[in-house]
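Colleague:
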Amino acid sequence: MTFEVVGRGYASDMSLKPFLPSERQPASSQRIASVAKAVHAMATIGERSAAAASLRDDAFAAEIVKTATLPASTTTASTFAAKAVADLLDMLGPASAFRPIMGSGVMMLGYDRYASVLAPTYSRSATNVKFVGEGAPHPVGKLSIKGPTLTKQKLMLSCALTRELATGSNGLVYINTALQENLDAGLDEILLDATEGDTTRPSGLRFGVNALTASDNADPHSAMVADLAALGGAVCDVGGANLVFVAAVPQWLAIQLWCPQLRVPVFPSGGLSAGQVLCLAPRALAVVGGNEPIKLDVSDQATVHLEDTSPQPLTTAATATYPTMSTFQQDTLLVRLRCAMSWALRVDSGAVAWTQNVGW
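Just so we're aligned, residue 11 is where the sequence shown starts under the working numbering, counting upward by one.
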């Protein structure tokens, strides 16, 4: 959800102080809890230094409060060059397919100082690998770097909470749930949809890919095997043995029960409708993120347009944006996460296959 925000909040542009190796880092499963603690402290206390002082038992949450950014994590820093994407992965829950897909061999890139980066075309060729005789010339391929250009795009999550809800005895649970469940659902839905990309967002993986016809075999188990084989067969020329399936939750459960020995990873996702299953060659997917940390803002002095589908800029024209809300007037807190990231497939076709209306 994205809101147009105007007003003074608690955001900070202070430079990030890196953690010392001796300082305790939270496990991935605890990272979202630390973010929730930081938001809860800022909501309850407000002033950053005092809020940070109240978090002596969680150095990670205290650092978030001080700098309004997510500190580096040793669990992901060595794996992903893009800091923003690493932060996102640590905040996602078990209901998201985005995280395991990112860990399945996708190309990770960082924007660094640039507004866009080139994702080189994925190609597999044995042409330049030859045995040669003594003194004979060896083959040299022509270097050709081409592929999709990934421009810097901004991913945002905002949610409004009443002060009573955020600061009550269950405030941490509410904040944790609001952040994690919205991230899980939002990222999966965008990644797996069939929407064409534009200057605002990247294309969904199913864009431009026609659905394969599901098996009409009356036996559900046989239909499942036929559908999975067809999907894998449509992608294996690009992915080889490095394939993953993503399935709507009912189909994921059926695969777990009927094909427990399946060696190809299968991830559940709410980003697919019931009856839909997708196969992806992860190495053909490039993901780029900002090298700066995710920014975290909490404000009780903002005016927002309460719209999660097509938010509009606030205006003083005769036709006003509606509905609007003053967080100051209604004693409400607005929590916002933002980071730079995008993705693209490095091949024109053959990296994704999907089907729908399966009979199992």
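Ideal Cβ placement from N, Cα and C applies to all residues, glycine included. It should be emphasised that the depicted structure is a prediction, and the values quoted were computed from it without experimental measurement.
Can you tell which of Asp-68, Ala-195, Ile-185 and Gln-163 has its C-alpha closest to the C-alpha of Ala-107?
Modeller: Measuring from the Cα of Ala-107, the nearest candidate turns out to be Ala-195.
Colleague: When DSSP labels each residue in this structure, what does Ala-195 get in the three-state scheme?
Modeller: In the structure shown, Ala-195 sits in a helix (DSSP, three-state: H, G or I).
Colleague: Determine the contact status of Val-298 and Gly-157, defining contact as a CB-CB distance below 8 angstroms.
Modeller: Contact: no.
Colleague: My output table needs one value for Pro-230: the three-state DSSP class, helix, strand or coil.
Modeller: If DSSP states are grouped into helix, strand and coil, Pro-230 belongs with the helices.
Colleague: Please name the residue or residues paired with Asp-307 in a DSSP beta bridge.
Modeller: Arg-346, per the DSSP bridge assignment.
Colleague: So is Asp-229 buried or exposed if we call it buried at 16+ other beta carbons inside 10 Å?
Modeller: Exposed, because fewer than 16 other Cβ atoms sit within 10 Å of the Cβ of Asp-229.
Colleague: Between the segment 359 to 369 and the segment 178 to 197, can you find at least three pairs of beta-carbon atoms closer than 8 angstroms?
Modeller: Touching, no.
Colleague: For Met-351, which option in Ala-72, Ile-111 and Pro-212 has the closest C-alpha, if you only look at C-alpha atoms?
Modeller: Among Ala-72, Ile-111 and Pro-212, the Cα nearest to that of Met-351 is on Pro-212.
Colleague: Just to confirm, is the Cβ distance from Ala-291 to Pro-278 under 8 angstroms?
Modeller: Contact: no.
Colleague: Go through its chain and collect everything with a Cβ distance to Lys-27's Cβ below 6 angstroms, but skip five positions before and after it.
Modeller: Only weak support is given to the placement of Lys-27: the predicted model assigns it a pLDDT of 31, under 50, and the question is left unresolved by the model.
Colleague: Starting from Trp-364, trace the beta strand (DSSP E) both ways and give me its first and last residue.
Modeller: Trp-364 -> beta strand (DSSP E) spans 362 to 365.
Colleague: Could you check whether Leu-160 and Ser-126 sit closer than 8 angstroms to each other, using their CB atoms as the reference points?
Modeller: For Ser-126 and Leu-160, yes; Cβs fall inside 8 angstroms.
Colleague: Please classify Ser-25: is it buried, with 16 or more other beta-carbons within 10 angstroms of its beta-carbon, or exposed?
Modeller: Unreliable positioning characterises Ser-25 in this predicted model, as indicated by a pLDDT of 30, which lies under 50. A coordinate reading is not provided.
Colleague: Just checking, does the segment 169 to 176 make contact with the segment 138 to 151 on the three C-beta pairs under 8 angstroms criterion?
Modeller: With the cut-off at 8 angstroms, the segment 169 to 176 and the segment 138 to 151 do not touch.
Colleague: Taking the Cβ atom as the reference point for each residue, do Ala-414 and Ala-296 lie within a distance shorter than 8 angstroms?
Modeller: Examination of residue 414 is not possible in this model, given that the chain is present from 11 through 370 alone.
Colleague: By a C-beta neighbour count over all protein chains shown, 10 Å radius and 16 as the cutoff for buried, is Arg-293 buried or exposed?
Modeller: Burial call: buried.
Colleague: As an exercise, report each continuous alpha helix (DSSP H) stretch of at least 4 residues that is fully enclosed by the segment 201 to 266, in chain order.
Modeller: Segments of the alpha helix (DSSP H) lying fully in the segment 201 to 266: 230 to 249.
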